[in-house]
Amino acid sequence: MQIQFHLYNTLSRTKEVFNPQDQANVKMYVCGPTVYDNPHIGNSRSVVVYDLLYRIVIKIFGSRAVKYVRNITDVDDKIIDRAELLGITINELTDKVTQEFHTNMAYLGCMLPSIEPKATEHIDVMIEIIERLITKDHAYIADNHVYFDVLSAPNYTELSNRNLEEMFEGVRVENSKTKKNPQDFVLWKPAKQNESANMNFESPWGLGRPGWHIECSAMSYKYLGENFDIHGGGADLIFPHHTNEIAQSRCAFLSSTYAKYWIHNGFLTVNGKKMSKSLGNFITVRDLMDKQIQGEVVRLFLLSSHYRRPLDYNDKAIEDAKKTLDYWYRAIENINVQKIDLPHSFMQSL
């Protein structure tokens, strides 16, 4: 009898029995890092949570039946700004940060995904989807940009469960007189003057680069198709990133429901505030490695609270995780297993 387990689906706001579309081909996509700077442990909580989910799904359905895609975002304004600040090339920066990310994930005991695509290697797929959206009147060209028409998307607010005005309260929106609606988001943006050629690509709309949201739609479509089972990420991605992903993917492929189960993990906090680079209250995984803290201690800490709830980082929490792990190891060492002789027929049947 196959084990059943439940997932909280942000889309339906209920716990649902996980029932993949095809048990022999379970498909899972998780938003990966934007490789402009070394990851902090808040970023790592997401990776560890979905590593655990990946292991559970493999245990139930078998490793050959599960395809896990986690992308690398290596085209972004933050990457350009960071490379200029450090005085290095974009490729040098993205290669260095990607390598550090992989080192961090190995330290935390995370398995590699089945596929780890880079955004820069899938520009052609992004262009294909954007062209589909233009043809279907879900996107339009304005001032060398391509924008997605939010009002053309059915059920645009379904994932966030808020009305359009509430969703955009406090959210920084790119103002443009050429937009049909203030909420419309960019699918393709033109190159800026004196900008690195490494970050711009030829397209039907001129030299430029993709918007953030189209990247995940393209890479999930490339490797998982129009429909797949699980889409994961941090709670901060519900809006605008995942909301916009759903809209553009469903509109590009009319038969698409896109992802069936939307899973979101809670923030890592410091003194009750979300850990983030913009607030300057972050600790990198490298900082913990340099302190000689074992990776399995950090992993246990990151899994010590329900995955959808906030988790507060402090030295005591790390020390508590270490004590718990030490206790478990001592308990295992103290188990007294007596040697017994088993019948030959039993041994032969194993």
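If you're matching positions, the sequence shown starts at 193 in our numbering and goes up one per residue.
Cβ coordinates follow ideal geometry from the N, Cα and C atoms, glycine included.
Original post:
Starting from Ile195 and walking both ways along the alpha helix (DSSP H), at which residues does that stretch end?
Top reply: For Ile195, no alpha helix (DSSP H) segment is defined, and its DSSP state is neither H nor E.
Original post:
Based on Cα-Cα distance, which residue from Ala410, Lys328, Ala439 lies nearest to Ile264?
Top reply: For the set Ala410, Lys328, Ala439, the Cα lying nearest the Cα of Ile264 is the one of Ala410.
**OP:** State the Cα-Cα distance for the pair Phe377 and Tyr332, rounded to the nearest angstrom.
**Re:** Each residue's alpha carbon lies about 11 Å from the other.
Original post:
Identify the residues that DSSP records as bridge partners of Met220: which are they?
Top reply: Its beta-bridge partners are Tyr260, Ile422.
Original post:
What residue from Ala444, Ala383, Met391 has the CA that sits closest to Leu399's CA?
Top reply: Ranking the options by Cα distance to Leu399, first place goes to Ala383.
Original post:
Arg500: which of Thr461, Asp518, Glu525 sits nearest, CA to CA?
Top reply: Selected option, being the one with the closest Cα: Thr461.
Original post:
For Leu460, which residues does DSSP report across the bridge?
Top reply: DSSP lists Leu503 as partners of Leu460.
**OP:** Mind checking which residues open and close the alpha helix (DSSP H) that includes Ile333?
**Re:** Counting along the chain, Ile333 falls outside any alpha helix (DSSP H), though it belongs to the beta strand (DSSP E) covering 331-334.
**OP:** Kindly indicate the opening and closing residues of the alpha helix (DSSP H) around His294.
**Re:** Unbroken alpha helix (DSSP H) run through His294: 282-299.
Original post:
For Gly424, which residues from the same chain have a beta carbon less than 6 Å from its beta carbon, with the 5 sequence-adjacent residues on both sides left out?
Top reply: Closer than 6 Å at the Cβ level, and outside the excluded window around Gly424, lie Val222, Tyr242, Ile455.
**OP:** For the beta strand (DSSP E) containing Glu323, list its first residue and its last residue.
**Re:** Counting along the chain, Glu323 falls outside any beta strand (DSSP E), though it belongs to the alpha helix (DSSP H) covering 315-327.
Original post:
Beta-carbon separation of Val261 and Ser412 under 8 Å?
Top reply: Less than 8 Å separates the beta-carbon of Val261 from that of Ser412.
**OP:** Tell me whether Lys371 is buried or exposed, calling it buried when 16 or more other Cβ atoms sit within 10 Å of its Cβ.
**Re:** Burial call: buried.
Original post:
For Thr370, which three-state DSSP category applies?
Top reply: The DSSP-derived three-state label of Thr370 is coil.
Subject >> Bounding residues of the alpha helix (DSSP H) (the contiguous stretch that carries Phe253) >> reply: Per DSSP, Phe253 belongs to the alpha helix (DSSP H) from 233-253.
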